[in-house]
Structure formats: structure tokens, C-alpha cells
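Trainee: Structure provided below as C-alpha cells; questions to follow.
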Amino acid sequence: MIPLILIVLVTLATAVVAMSRRNLIHSVLLLIGTWAGIAAFYLWAGAEFVAFAQMLIYVGAVSMVVLFAVLLTRRSREDATLIPESLGRAFSAFIVAGLAFGLVAFAVLSTQLPARKGGASTISVQQIGTGLMGSHAAALLVIGLILTVALLGAVVIAATEPRESEEDAP
Amino acid sequence: MSVPSLPGTLTSSNGWGTVLAPSSSAAIGSSPDSWLERAPLMLRDYATGWVPEPWRWLLNHLISIALILAVFGLLFAFLTLAERKILGRVQNRPGPNRTGWGGVLQPFADAIKMLTKEDIVPTAADHVLHFIAPVALLAFSILAFAVIPYGRYLVPVELDASVLYFFAAGAATELAVFMAGWASHNKYSLLAAMRALAQLISYELPLLLSWVPVVMLAGTLSTTRIVEAQAGYTGGWVPHWFVLTPWGFAGFVIFFVAALAESNRSPFDLPEAESELIAGHLTEYSGFKYALFFMAEYFGMTALSGMAVTLFLGGWHAPLPLLNVIPSYVWFAIKLLSLLVAFIWIRATLPRLRMDQLTRFAWKFLVPLALINLGTTAFWALSADWPGAMQLVRWLIATAIVIGPFVLLGRTLSAGIAPRTYRYAS
Amino acid sequence: MLGTGILQGLAVTAKNFVGSFHDPARYTTVEYPEVKPKLPEAYRNFPFLVSENATDPMGTLRCVACQICEKECPPQCIYIEKSRDKKPDASGKLQLYPAIFDIDTSVCMSCQICVEVCPFDAIKMDQEFEIATTNRFESLLLNREDLAKPNSYFHALHPTEAAEVDARLAAEKAAKAAAAAKAAASATAKPASASPSGPTIAASTPPPQPLAAPSAEAQTPKSTA
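Chains as they are written, first to last, in our numbering: chain C, 1 to 170; chain P, 1 to 426; chain G, 1 to 225.
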């Protein structure tokens with residue numbers, strides 16, 4: 001029980017602090033800590049493959065994407081403001097966040113999870129592999145297609161920019 | 001080589017793995033459990049026998065952590081010395097030979113120098129990140145040492161998905177490179193960090209694709225089982241290492257080149273070369289933090305070499321059955337050291353690649369070859385049960401599929417480039 | 001094929017590595033304080049004064065304090081004071097000698113002009129370079145005792161040059177001796193042949209000889225007067 005409490009505390013704490021930092025880069029790095037906390041949770045639950053995949057993908061790759069996005073789109077070195085612009089905006093923000101939380105909480109609490117006692121039945125990597133290639137092959141292919149389309153789109157956008165700027169310049 | 005029967009599910013106990021776990025029954029052709037092989041285990045049992053039962057696992061882990069830090073720390077120290085001496089000899093000069101008996105104490109002199117240097121942090125730099133970056137880099141590099149089998153009974157943590165763990169730890173090091181460049185508050189550092197990141201990400205793909213065939217044929221992601229799958233000798237003397245198969249050789253070469261790039265070694269050392277944007281993302285680091293960056297680089301190099309030995313070179317197996325008298329950890333050390341010397345040899349020989357040459361090489365050459373290697377391995381796996389005479393055909397076909405695209409791609413990519421002619425030098 | 005160049009390069013470096021252990025051409029480092037480098041003969045650092053033998057260095061200096069080197073030295077680092085008396089030099093002739101001969105090596109630029117203009121081959125270039133001192137000016141001013149070194153030292157440093165100088169000096173000496181012998185022979189012959197015109201002829205015969213002498217040697221020491 002103690003490890004679970006520690007992991008949950010670390011994950012939630014980093015998430016909360018990430019949302020409250022003024023410096024955007026600090027927020028991103030704390031969010032990476034949150035993802036690492038989730039990976040630790042997977043490890044605690046015995047899902048090794050998912051835990052390492054989480055580390056590899058999120059901490060190794062998605063963090064890069066987020067950092068590049070933050071770096072390339074920020075206007076200046078000033079930090080983000082935390083004070084809401086108006087009372088109406090703050091109010092509607094609370095409402096929306098509360099609705100989202102309520103929806104997710106309802107979904108989680110109403111799911112009938114099969115109760116397994118004595119967690120000795122962990123799934124091996126091989127079972128995951130046969131599952132992905134067998135019953136879930138269609139989903140895997142669709143995701144692969146989406147990623148390929150995104151990659152191609154990014155390459156196209158990056159490749160056509162210089163030509164436009166050349167046209168603009170005299 | 002036949003595909004071994006698919007192993008059953010392996011459950012790791014409570015996610016912590018078993019320390020110094022004994023592998024399954026003795027593989028084919030290896031020595032019986034000789035005293036030398038069992039000596040480390042006996043020592044460990046003797047040491048942990050002093051504490052009561054509930055604390056034994058903690059002491060086990062602490063011993064393996066301390067051993068890894070000590071052994072690989074000393075290896076790092078003497079690797080820097082070996083590098084300087086080997087580079088010197090290649091360049092017609094001795095390396096450092098003044099500090100104690102032919103230069104042996106040089107690494108310790110360097111350590112003292114680094115420790116006593118002033119630690120300068122720019123005022124506008126992000127102090128927290130500036131401090132954390134080398135620490136995080138080193139931490140993730142050391143984490144990778146946990147899953148390499150150093151001997152028959154010497155793997156610190158036995159995991160079901162240990163290869164994935166290794167590369168997950170390696171991927172997290174890229175984050176620290178970015179942190180280092182960002183925290184310096186120096187636009188040139190940031191630019192260099194972006195370049196370094198681009199290089200690391202480009203070579204991540206060939207690195208990961210090169211060991212997928214190994215996992216395909218060994219049927220497991222666990223390093224201990226991959227090493228076991230390379231046991232046995234054909235005809236009494238040819239070992240079953242993966243590097244001695246066509247697809248394994250191609251995979252090993254791609255892995256080696258990608259490992260060179262992942263650890264920022266020559267010829268891919270653009271991020272850390274002295275003439276490139278000063279010192280790249282390490283510009284604002286001085287003293288011990290700089291030393292930590294280099295320690296992390298050498299640890300990464302060593303860990304990747306260890307993984308190459310495990311995946312392709314047969315791990316701790318001896319090359320000939322009669323050499324099994326030499327214990328398994330000695331064989332691992334010999335193979336590891338020869339790979340490290342190969343790293344140094346390549347550094348002494350090749351000039352640095354430019355950024356665009358680097359990325360072009362990764363995306364246009366290594367990634368297609370790695371993908372084709374996957375196909376070769378699939379063919380190899382499916383043709384494992386061909387009758388006796390057809391095995392020769394199998395080898396020929398596999399070799400053709402490996403060499404053909406290599407030559408063709410090489411010709412296509414170097415199409416407009418002729419060998420260099422010199423006007424004045426003859 | 002791609003990669004053959006890299007393999008050839010690896011072979012070259014391997015050959016260099018292995019060769020550096022047994023082949024001196026592939027290991028060009030001279031490990032300096034333990035092994036002194038072999039300096040070329042024409043290497044020069046600061047000048048020294050040549051004396052004929054080592055047993056009496058001050059008494060056998062070739063230098064006669066003509067002060068030509070002092071005047072020709074571009075940074076004017078030589079300071080000479082002539083002696084008041086004359087001492088016999090190595091060939092027994094009475095010569096002036098330098099009472100003080102100082103070279104300031106903190107100023108000397110090793111241009112070798114003093115060597116080129118010396119008519120007596122008295123000052124030559126030394127090769128000593130390990131002369132670092134702890135005080136800034138005092139130890140860098142070399143006096144006559146520091147500068148005087150024997151001819152054998154000169155032979156050890158610059159063998160061909162020393163041999164050439166010795167040969168030339170010996171030839172001059174021999175030519176001088178031959179001219180003196182010829183003068184003595186003709187002087188004894190003249191009084192025997194013409195006794196009335198002895199004084200006038202004796203007075204007229206000596207002058208041609210000093211004129212004939214310079215043609216025999218390259219540099220006639222002006223100390224024949």
C-alpha cells in the first residue's frame with residue numbers, strides 16, 4: 001500500500017505544481033515527472049511492458065515534441081500569467097473543469113473491473129505481442145496510418161515554408 | 001540455426017526482479033558449474049549471511065549497485081586513459097606518461113583537477129535546471145547497466161522486458177541534453193542542444209530497429225534469454241552468436257554505428273567538438289559538471305557496448321567450447337573491451353561528419369537498411385526448417401538480401417561524389 | 001563499394017599503432033628532459049669566446065679587444081674594455097686582451113653578426129638553451145669568465161666549422177712562417193751579393209714582402225705590424 005500512496009502522491013504533486021508554475025519550461029519538465037510517475041504506477045501494477053513503453057514514448061519522445069512546441073511558439077521570455085483575465089472566465093473555467101472531472105470520475109467509478117486477488121497473473125510480453133498482431137491488429141494498423149499521415153503532414157509543412165518566405169522577400 | 005521453442009511466460013516477482021538470478025539450466029556446451037563461475041555468488045551469499053533474513057534482498061541490491069558503480073567507474077577512468085594513449089600511439093606520440101608509471105594515475109589527476117575547478121553558473125541561467133541536467137543524464141545512463149548479463153549468474157535485475165527497459169533509459173538521456181542547452185541561457189548553447197537532439201533522435205530509429213530481428217529470433221525481450229539463445233556450437237567449434245549470421249552481421253553493424261551516434265562519439269561528435277559552437281550545449285558548464293557529462297557519455301558508450309555484446313556477440317559465451325575453462329564474466333569483459341577499443345580506433349581514424357551528412361546518413365541509409373534487415377530476418381526465421389542441402393541456399397539468399405541493398409543504396413547515395421583528386425599533393 | 005575507404009583507413013591507423021612500438025619512424029616524440037634532442041650543427045643561441053686551451057682560458061683567448069663586434073652588434077649588447085697591457089697570445093705574440101667582455105643575453109637577439117665580423121675567429125655561437133634563471137637581469141649578463149670556452153668545446157659543437165677555422169689558421173701560420181723564412185733567406189742573400197748598396201737594398205727589399213703576404217692568405221692579421 002505504501003508504494004502506491006507514494007507513487008500517487010508524486011504523480012499528483014508534480015501535476016499540480018506543473019500547472020502552477022509561471023515558467024512554461026518548468027511546467028513541461030514537471031509534467032514529464034508526472035508521466036514518469038504513471039510509469040512507476042504501471043510497474044507497481046506489474047505491467048512491465050507498458051511501463052517501459054510509457055517511459056520510452058512519453059519521456060523519450062512526447063516530451064521532445066512538447067518542448068519543441070513550447071520553444072518554437074513562445075513570443076518572448078516572459079512567463080505565462082496565472083491570474084485569470086476576468087471573473088466570468090474563471091467561473092466558466094471552474095465549471096468546465098468540474099464537468100470534465102465529474103464525467104471521468106463517473107466513468108471510472110461505474111466500471112465493473114474484475115476483482116483479481118493475489119496478482120500472480122501478469123501478462124507476458126509475448127501475450128501482448130500476439131494480442132496486438134492478432135485480435136487488435138486492425139487498431140494497430142489504423143494508429144500506424146494516423147501517425148504516418150501526421151508525420152507526412154509535418155514534413156510537408158516544414159518543407160514548404162522556405163519557399164513562401166522566399167516569395168515574400170524581395 | 002533453428003528457432004528455439006518459444007519460452008513460456010516468465011513472471012517477475014513483484015516488479016523488483018530477482019537479484020543475481022541464476023539463469024535456467026546450463027546451456028549447451030558451457031562448462032559445468034565450476035568454482036570460478038560460482039565464486040561471485042558464493043561471495044555474495046557469504047556477505048548477505050551476516051544480516052537477518054528480511055534485509056537480505058536490500059543488501060543484495062546494495063551490493064550489486066555498489067559493484068556496478070565501482071567497476072564501471074574505474075572502467076570509465078581507465079577508458080579515458082586508454083583512449084588518450086591509443087590515440088597518441090596512432091598519432092606517432094605517447095599518450096600521457098608522466099603521472100605515475102607510464103601515465104596510470106592520469107585519470108585520478110584529471111578527477112582532482114575537475115573537482116577543484118571553479119563552478120561557474122551564468123547569472124541569467126536557470127540554476128535548478130543547470131544543476132539537474134548533468135545529474136539526470138548520469139542517472140539515466142547508469143540505470144541502463146541494470147539489465148546487462150555480465151556472466152552466467154551475474155545479471156543485477158532480471159526483467160521480462162529488459163531490452164525495452166534499456167532503451168527507455170537511453171531515450172530519457174536526450175531530455176537531459178535539452179535541459180543542459182536550455183538552462184545555460186545562451187542562444188548558441190540552445191542551438192547546439194537542438195542539433196544534438198536532432199542527431200540523437202535521428203539515430204534512435206536505426207538503433208531500435210537493429211535489435212528487433214534479434215528479439216524476433218530469440219522470441220523474448222529478456223536479455224538473459226537472448227544470451228541463452230546464442231548458446232551451442234555447430235560442428236563443435238562455430239558458435240551460434242547472432243553476429244555470425246547474415247542478418248545478425250548487418251544488425252550488428254547498424255547497431256554499432258547508431259551506438260556511435262547515440263553516445264556522441266566520433267565521427268558523430270558534432271555536439272561536443274571544440275570547434276563547433278564552442279562546446280555546444282556544454283559551453284556554460286565547468287568543473288565537475290563537465291566531468292559528469294563526459295562520465296555520462298562514457299557510461300552510455302559502455303552500456304551500449306554491453307548491450308551489443310549481449311544481443312549480437314553471444315554475451316558471456318566463449319567462442320570455442322574448449323575455452324569454457326575461462327569463466328563467463330571474463331569473456332564478457334574481453335568482448336566489451338574489444339568493442340570499446342573499436343570505438344577508440346574509429347575515433348582515431350575518421351573525420352567528423354557535418355550535420356546534414358549525419359542526418360542524411362541516418363534517414364536515407366541506415367533506416368532503409370534496418371527495415372530490409374527485418375525482412376531478411378523474417379525470411380531466416382521462416383526458412384529455419386528447410387532440409388539439409390537447402391540450408392546453403394538459405395545462407396546464400398540471406399547474404400544476397402543483406403549485401404545487395406547495401407551496395408545499391410551506397411551507389412545511389414554517393415552518385416555525384418567522385419573520389420577526391422588533389423592538384424598539388426601527389 | 002561503400003565502406004572500403006573506411007576499412008583502408010582503419011588499416012592505416014592500426015599499422016601506425018602497432019608500428020609505434022618498434023619502428024622509430026612511427027614514434028617521433030623525443031621525451032625531452034630525459035632525452036635531449038639532437039640539434040643541427042648550425043643551431044645557435046648566444047655567443048661564447050673561443051680560447052685555445054682549457055687549462056688557461058683567460059690567457060689564451062683569441063679575442064684581442066678590437067671592438068668590431070661591439071660596434072656591429074645591432075642591439076648593442078656587447079660591452080668591451082681593452083686592457084692596458086699586452087700579453088702574449090697562443091702563438092707567443094704580444095696582444096691586447098679584453099679586460100671586460102660582457103654580453104647581455106636578455107638583449108642579444110642571436111643574429112650572429114658578431115661572429116661574421118670577427119677577424120680573429122674569437123667569438124662563435126653557443127648552443128646552450130637551458131639557461132633559465134630566477135633573477136631577471138643579473139644572471140643574464142654573462143661576463144668574460146662565463147663566456148670563455150675552449151677550442152675543444154667549439155669542435156664538439158660545430159665540427160665542420162671548427163675544422164675549417166683550424167685549417168685556415170694553420171695555413172695562415174704556415175704561410176707566415178714560409179714568408180718569414182723567404183724574407184730571412186733573401187735578407188741573408190742580399191747582403192752577401194751587394195755589400196755597397198747594402199743599406200739601400202736592405203731597406204728596399206723588405207717592403208715587397210708585406211704586400212706579397214696578403215695574396216697568400218685570405219685575412220692577414222693586422223698584428224704583423
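Where a beta carbon is used, it is the ideal one built from N, C-alpha and C, also for glycine. The structure displayed is predicted, hence computed values, not measured ones.
(1) Output the distance between the C-alpha atoms of S202/P and L103/C, rounded to the nearest integer angstrom.
(2) Determine the DSSP secondary structure at F406/P, reduced to helix, strand or coil.
(3) By the 10 Å Cβ neighbour count, where 16 or more other Cβ atoms means buried, how is E245/P classified, buried or exposed?
(4) Quick one: give me the first and last residue of the alpha helix (DSSP H) that A99/G is part of.
(5) Give the straight-line distance between the Cα atoms of L152/C and I65/P, rounded to the nearest whole angstrom.
(6) Closest to I132/P by C-alpha separation, out of A13/C, L29/C, N23/C and M19/C, would be which residue?
(7) From this set, R44/G, S51/G and N45/G, which residue's C-alpha is nearest T229/G's C-alpha?
(8) Closer than 7 Å, Cβ to any Cβ of chain C: which residues of the stretch 158 to 174 of chain P, in chain order?
(9) Return no unless some Cβ of chain C is closer than 8 Å to the Cβ of L323/P.
(10) Would you say W57/P lies against chain C (beta-carbon separation less than 8 Å)?
(11) Taking Cβ positions only, does L140/C come closer than 8 Å to chain P?
(12) By Cβ distance below 7 Å, which residues in the same chain neighbour R89/C in space, the five residues on each side in sequence not counted?
(13) Cβ of L221/P less than 8 Å from any chain C Cβ?
(14) Tell me which residues share the same chain as F52/C and place their Cβ nearer than 8 Å to its Cβ, disregarding the 5 neighbours each side in the sequence.
(15) Buried or exposed for H22/G, going by 16 or more other Cβ atoms inside 10 Å?
(16) Any beta carbon of chain P sitting closer than 8 Å to that of Y32/G?
(17) Please check the pair M64/C and L197/P, which I expect to be a contact at CB under 8 Å, by giving their CB distance rounded to whole angstroms.
(18) Determine the direct distance from the alpha carbon of L113/C to that of E284/P, and round the result to whole angstroms.
(19) Measure from the alpha carbon of A229/P to the alpha carbon of each residue in F178/P, L311/P, Y298/P and Y290/P, then state which is nearest.
(20) Rounded to whole angstroms, what is the Cα-Cα separation between A418/P and R195/P?
(21) Put M1/G into one of helix, strand or coil per three-state DSSP.
(22) Name the DSSP bridge partner or partners of I7/C?
(23) Does DSSP put A159/C in a helix, a strand or coil?
(24) Less than 8 Å between C-beta atoms, sequence neighbours within five positions excluded: which residues of the same chain meet that for V117/G?
(25) How far does the alpha helix (DSSP H) with L197/P in it extend, from its first residue to its last?
(26) Roughly how many angstroms lie between the CA atoms of P54/P and L4/C, to the nearest whole one?
(27) Does any C-beta atom of chain G lie closer than 8 Å to the C-beta of R265/P?
(28) Can you pull the chain G residues whose beta carbon is under 7 Å from the beta carbon of T99/P, in chain order?
(29) Do the CB positions of Y153/P and L69/P come within less than 8 Å of each other?
(30) In angstroms with no decimal places, state the Cα-to-Cα distance between E48/C and F41/C.
(31) Tell me whether the beta-carbon of L56/C lies closer than 8 Å to the beta-carbon of A168/P.
(32) Report the neighbours of R26/G on chain P: residues whose CB is nearer than 7 Å to its CB, in chain order.
(33) May I ask you to report which of helix, strand or coil DSSP gives M58/G?
(34) Should I38/C be flagged as near chain P, meaning a C-beta pair shorter than 8 Å?
(35) With a cut-off of 8 Å, does the C-beta of A61/C fall near any C-beta of chain P?
(36) Compute the beta-carbon to beta-carbon distance between R347/P and L75/P, rounded to the nearest angstrom, for a pair I have assumed lies under 8 Å.
Mentor: Result, derived from the coordinates:
(1) 40 Å
(2) helix
(3) Note that residue 245/P is Thr in the sequence shown, not Glu. By the 10 Å Cβ count, T245/P comes out buried.
(4) Unbroken run through A99/G is the beta strand (DSSP E), P98 to D104; no alpha helix (DSSP H).
(5) 44 Å
(6) L29/C
(7) A query on residue 229/G cannot be resolved here, the shown segment of chain G reaching from 1 to 225 and no further.
(8) L159, D160, A161, L164, Y165, F167, A168, A171, A172 and E174
(9) no
(10) no
(11) no
(12) none
(13) yes
(14) A39
(15) exposed
(16) no
(17) 7 Å
(18) 53 Å
(19) L311/P
(20) 28 Å
(21) coil
(22) Bridge partners of I7/C: none, in fact.
(23) helix
(24) I68, C69 and E72
(25) K187 to A218
(26) 21 Å
(27) no
(28) Under the 7 Å cutoff, chain G gives no residues; its nearest Cβ is about 14 Å from T99/P.
(29) no
(30) 10 Å
(31) yes
(32) N92
(33) coil
(34) no
(35) yes
(36) Between L75/P and R347/P the Cβ distance is about 17 Å, and since that is not below 8 Å, they are no contact.
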